[in-house]
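Residue numbers (numbering that gives the first Met the number 0), protein chains in the order written: chain A, 0 to 290; chain B, 0 to 329; chain C, 0 to 331. For reference, the structure discussed in these notes is given below.
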Amino acid sequence: MRINTGVQSPLGLGWMRLQQNRMAISAAIVALVIIAAALAAPLIAPQDPNEADLFRRLQPPVWLGGEWAFPLGCDGLGRDILSRLIYGARISIFVGALVVLIASVVGILAGLAAGYLGGWVDRVITGLVDILLGFPYLIFAIGLMAMMGAGFQNIVLALVYKEWVVPCRIVRGETLAAREQDYVEAARALGASRSHVMLREILPNILSPVIVVATVRMAHVIILEASLSFLGLGVQPPTASWGSMVSEGREFLLDAWWVSTFPGIAILVLVMAINVFSQGLRDAFDPRMQE
Amino acid sequence: MTGPFLPPLLAVEGLTTIFPTRAGPARVVDDVSFHVNEGECLGVVGESGSGKSITFLSILGLVRPPGRVSAKRMIFAGKDLLALGEGERRAIRGRDIAITMQDALTALNPALTVATQITEVMLAHGRARSQEEARAAAIEMMRLVGIPAAANRLDDYPHQFSGGMRQRIMIATALACRPRLLIADEPTTALDVTIQAQVLELIAELRRELRMSVVLITHDLGVVVEQADRIMVMYAGQIVEEGACRAVIEDAAHPYTAGLLASMPSLDTLDRPIHPIRGQAPLPGPMPAQCRFFDRCEQASEACRIEVPLRPFTDGRTARCIRLKEGSHG
Amino acid sequence: MAELLPLLAVRALTKHFTKRKSPVEWLMRVPPVSLKAVVDVSFEVARGETLGLIGESGCGKSTLGRTVLNLHRADGGSVSFDGTEISAMPEAAFRPYRRRMQIIFQDPYASLNPRRSVAEIVGLPVRIHEGASARQAEERAAEFLPRVGLSTEHLRRYPHQFSGGQRQRIGIARALILNPDFVVCDEPVSALDVSIQAQILELLTEFRQQRGLTYLFISHDLAVVGRIADRIAVMYLGQIVEIGPKQAILDQPAHPYTRALLAVAPRLKRRPGSERVALKGDLPSPLNPPNGCRFHTRCPVAKPICATLAPGITDLGAGHHVACHLHGGAGS
């Protein structure tokens, strides 16, 4: 049955469905608040995140006898935990977004080429994908980081090296299905170039699952980055990152639980928000999820 | 056909099925009344969206919410279907009334063998007491629908059969309990022409042998002409014409029926220029109070802007058109 | 002399599909499975003529239509269009011919990109072949839409907002906007309601009359083909078994398969029961076609020779040819 409304394009219809999903919208708002806080860190962070003061070492949060200037207490070097959380969000979100973005672009192009062109291109790309899938992700990234050395740029690279496999496999599968569609045949019959067929006919139709998966993967990458930082392979001190904050608090876990717990909660909240939102995206945009 | 004194096998009065749409409630089946006699084949003709399939799903109680079904009367073999509970209704479905769907590949469960699917119905409805008895009956049924080497193929899965064979298996499943009424919903549409003929032939044969009644739902007048005793033409949720098959085909009373006949490609009429019905059927939704064929009818006039009732006009035929008065047709 | 040259000449065209072997099959040296979709098919289509191509699903008629258009690469034989051999042309050299050779698809739901508006779909050929801007292409689309019974208000809509018949009109507009010479109609009405089928057939007939279009009209329905074709070719398991002028095929069918198709074609008049003899059995798998005459497993009049020897082509005169042992003795 056709629905007659003002909105016409498939994207518009998906957008409409998304807006009606309250869970997804709330999750998006939570994620957006964290992102906004990260972007506006210098404006809203109450303290300098790297200013140490051993007199404030392990000072408890305000409701446990701390002071309002340091609402979530201080860490082992007396640095303000709230400010470090706000600055640390920048690393988590930036790494997450950048890795997923680069991986998606690489994965989409490789997947389209493998699926549409077939032949040796397909064999090379799927071969590479199969090899990469053979390595456990975290161990693969640890190995790369050990080789390249720590640092922001290397984290992104180490994660992208394997992350592109995820969108690549999805895109290849979807492309194999899409290229059998008559509208692709029609474009070929009209004399459209290969790049036109791949980028203008096929890509728009397979983008929905890629976007949905990209958001899920972003949550995953944020956890991976936190894990690498936790292991000391991430961004280097004194730059704050949620993973390294959890790691630094380990030794005080019994005396000063807040040092590890607050960054842990931050990771949990952001990852959950992103996952709930991506669920909503899937419901709204992935046509196979509709009745 | 049966004498006038026997009550019909199925009698339906005032059947209405409503689905909510964005534009408002749509009467997808609108006040439909008809009957099927014992041993008769009723052809139900209409295009997609005419409500022909929903009518029978409604009778079987297979319409899911938000769809709502209501009727004044629904009698099957002397039983009032409206008074039955869900359990008793289910007992009738499959045992006394069976339905076959258009797409045999999706209607059969791909994960179960053919044997399981046929025997399951028999055991569920108490038509076989043991697994062995059901299996034997299933082989018999598959032989009846013309599947070669039936005993060997009983444990195959649906995908191992060709399209025509799957349609036969679905018919075998439907017939497993020896129903008194078979509802065949577009049994040939998904099939090749030479296979179509085989399946129609099969249904006609089984009707004679098992003495059951058949409702043949189709968009293809050619199928109906060969098989049906009576036909019922539906348009936009309503019956627009009903009568003895040959009489309707030879001399259609309703402009829609006439238009369908004129648009149907047939080898008998190749020299006649194509004369399609213009426009397209209305979308499901609230309808204006006028003849539903109004926008497409070449004979429409201002007088058609009323709710046109379905009226008898000549020997046992009814139609929904204001130009027809009792005894005036011809 | 150019007048006498057929617009399309197909000679001994063959198309196989080979299943790619899995690594395991490769290791086990499993021989490749090859589906012979089109085998040694020859025919011609004159300028302005409509050739109806009829057959059941899996007989290779769609593959034939697409191989003629170079959408599949031929594995043997040749296709010549307007005097030029095209089947071996590289895609880049063939591109100018694409605007002259078009295709209309069966499924009006799958043949339109759901993410593109009507303006983009119908304007695409103009952009590809005339280098037009999006705006110019949209203007051209707007000019053309009324000719297929749609209006400019439909330009900004998306395929899902149309009914099947309207979608088929969009597909026709896309195929015909550049005024091609030759169009493959691949079951263009099979997926439509009866009243809409007639509308689309009428539209295609109109275009043919106005523009002198040449159609290869593929269908499984003899009654539809009988309506629109000048000549009819009957295909069974990858081969043309009979070809000839429409009246000859319909009135004096020579091949038993053609006769069977005629016997089951829809008619409004009831035939005497004896005439309605359905063919026995299923279509054999094209992966493993029968030896000899491919039809012999279902043929009601098969002789022993039919199982061993493939029949040659017999000329029945007046352009009527048949491949059957019943006519003209043993095959060559």
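All C-beta atoms, glycine included, are put in the ideal place defined by N, C-alpha and C. Computed from a prediction, not measured in an experiment: that's the story for all the values here.
Contact under 8 Å by Cβ, residue i with residue j
i: residue 288 of chain C; j: residue 35 of chain C; result: yes
i: residue 244 of chain C; j: residue 327 of chain C; result: no
i: residue 213 of chain B; j: residue 202 of chain B; result: yes
i: residue 98 of chain B; j: residue 75 of chain B; result: no
i: residue 281 of chain B; j: residue 251 of chain B; result: no
i: residue 74 of chain A; j: residue 270 of chain A; result: no
i: residue 43 of chain C; j: residue 5 of chain C; result: yes
i: residue 309 of chain B; j: residue 260 of chain B; result: no
i: residue 206 of chain C; j: residue 49 of chain C; result: no
i: residue 91 of chain A; j: residue 247 of chain A; result: no
i: residue 256 of chain A; j: residue 87 of chain A; result: no
i: residue 177 of chain C; j: residue 125 of chain C; result: yes
i: residue 27 of chain A; j: residue 284 of chain A; result: no
i: residue 220 of chain C; j: residue 189 of chain C; result: yes
i: residue 172 of chain C; j: residue 182 of chain C; result: no
i: residue 280 of chain C; j: residue 308 of chain C; result: no
i: residue 211 of chain A; j: residue 280 of chain A; result: yes
i: residue 135 of chain B; j: residue 121 of chain B; result: no
i: residue 188 of chain A; j: residue 97 of chain C; result: yes
i: residue 89 of chain A; j: residue 51 of chain A; result: no
i: residue 44 of chain B; j: residue 223 of chain B; result: yes
Neighbourhood of residue i by C-beta, 8 Å cutoff - its chain only, sequence neighbours within 5 removed
i: residue 76 of chain C; result: 9, 10, 11, 12, 13, 39, 40, 41, 86
i: residue 155 of chain A; result: 94, 97, 98, 101
i: residue 62 of chain B; result: 16, 53, 56, 68
i: residue 222 of chain A; result: 266, 270
i: residue 273 of chain C; result: Per-residue confidence for residue 273 of chain C stands at a pLDDT of 42, beneath the threshold of 50, marking its modelled position as unreliable; no derived number is given.
Cβ neighbours of residue i in the same chain (closer than 6 Å, five flanking residues each side left out)
i: residue 253 of chain B; result: 239, 240, 318, 320
i: residue 203 of chain C; result: none
i: residue 247 of chain B; result: 230
i: residue 41 of chain B; result: 35, 214, 229
i: residue 149 of chain A; result: 232, 235
i: residue 13 of chain A; result: 283, 284
i: residue 254 of chain C; result: 240, 241, 321, 323
Other residues of its chain near residue i: CB distance less than 7 Å, five sequence neighbours each side excluded
i: residue 177 of chain A; result: 183, 201, 204, 205
i: residue 159 of chain B; result: none
i: residue 170 of chain A; result: 106, 107, 110, 111, 114, 205, 209
i: residue 185 of chain C; result: 61, 64, 102, 103, 104, 105, 217
i: residue 196 of chain C; result: 188
i: residue 388 of chain B; result: Nothing can be reported for residue 388 of chain B, as the shown portion of chain B is limited to 0 through 329.
Beta-carbon separation (whole angstroms), residue i vs residue j, contact threshold 8 Å
i: residue 111 of chain B; j: residue 137 of chain B; result: Actually they do not touch by this definition, with Cβ atoms about 13 Å apart.
i: residue 227 of chain C; j: residue 51 of chain C; result: 7 Å
i: residue 233 of chain C; j: residue 223 of chain C; result: Between residue 223 of chain C and residue 233 of chain C the Cβ distance is about 14 Å, and since that is not below 8 Å, they are no contact.
Output the residue ranges of the alpha helix (DSSP H) runs that lie fully inside the segment 134-199 of chain C and measure 4 residues or longer, sorted by chain position. 163-175
Can you list the beta strand (DSSP E) stretches of 3 or more residues lying completely in the segment 61-119 of chain C, in chain order? 75-80, 100-103
What are the complete alpha helix (DSSP H) segments, minimum 4 residues, inside the segment 106-159 of chain B? 113-123, 130-143, 149-152
Positions along the segment 134-160 of chain A whose CB lies within less than 9 Å of some CB in chain C: none
Counting only runs that start and end within the segment 252-322 of chain B, where is the alpha helix (DSSP H) found for 4 or more residues in a row? 254-262
Considering only residues of the segment 220-276 of chain C, which uninterrupted beta strand (DSSP E) runs meet the minimum length of 3 residues and lie entirely inside it, listed in chain order? 230-235, 238-244
Could you please tell me which residues of the segment 177-210 of chain C, in chain order, have their CB closer than 8 Å to any CB of chain B? 192, 193, 194, 195, 196, 197, 198, 200, 201, 204
Below 9 Å between beta carbons is the criterion; list the residues of the segment 245-274 of chain B that meet it against any residue of chain C, in chain order. 245, 248, 249, 255, 258, 259, 260, 261, 262, 263, 264, 265, 266, 267, 268, 269, 272, 273, 274
Interfacial residues, the segment 208-240 of chain C to chain B, with Cβ spacing under 8 Å: 219, 220, 221, 222, 223, 225, 226
Below 7 Å between beta carbons is the criterion; list the residues of the segment 297-326 of chain B that meet it against any residue of chain C, in chain order. none
For the segment 140-159 of chain C, which residues have a beta carbon sitting closer than 8 Å to at least one beta carbon of chain B? none
What residues in the segment 30-51 of chain B have a beta carbon less than 8 Å from any beta carbon of chain C? 46, 47
In chain order, what residues of the segment 40-63 of chain C put their CB closer than 7 Å to some CB of chain B? 55, 56
What are the uninterrupted segments assigned as beta strand (DSSP E) that are 3 or more residues long and contained completely in the segment 47-81 of chain A, given in chain order? none
Runs of 3 residues minimum, wholly inside the segment 55-81 of chain B: which ones carry the beta strand (DSSP E) assignment? 67-69, 72-75
Below 7 Å between beta carbons is the criterion; list the residues of the segment 8-21 of chain A that meet it against any residue of chain C, in chain order. 8, 9
Can you list the alpha helix (DSSP H) stretches of 4 or more residues lying completely in the segment 92-135 of chain A, in chain order? 118-132
Please list the residues of the segment 224-241 of chain B that have a C-beta atom closer than 8 Å to any C-beta atom in chain C, keeping them in chain order. 224, 225
Using Cβ-Cβ distances below 8 Å, what residues of the segment 123-135 of chain C are close to chain A? 123, 124, 127, 128
Which residues, taken in chain order from the segment 164-198 of chain B, show a beta carbon closer than 8 Å to some beta carbon of chain C? 164, 191, 192, 193, 194, 195, 196, 197
Contained beta strand (DSSP E) runs [length at least 3] in the segment 187-228 of chain B, N- to C-terminal order: 212-217
Which runs of the alpha helix (DSSP H) fall wholly inside the segment 187-258 of chain A and span at least 4 residues, in chain order? 202-229, 241-248
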